[in-house]
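Encoded as structure tokens, the structure appears first; notes follow it.
In our numbering, the protein residues as written are -12 to 32.
Rendered as structure tokens:
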């Protein structure tokens, strides 16, 4: 499982590492970041 802080701080690094594993999961990083941003925003409201 990936740490959300790592994804937030180094999304390009995470994409590169996922790409080496195959499976196409690197494309999901943007969606994860979007959902995380929405969650963080709703928590502060």
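Note that beta-carbon positions come from the ideal geometry of N, C-alpha and C, so glycine has one too.
Contacting residues, own chain, Cβ-Cβ under 8 Å from residue i (five flanking each side not counted)
i          : result
residue -6 : 1, 16, 19, 20 and 23
Reduced DSSP category for residue i - H, G, I as helix; E, B as strand; rest coil
i          : result
residue -1 : helix
residue 18 : helix
residue 5  : helix
Chain-order list of residues whose beta-carbon lies under 6 Å from that of residue i (same chain, five-residue window excluded)
i         : result
residue 5 : 12 and 13
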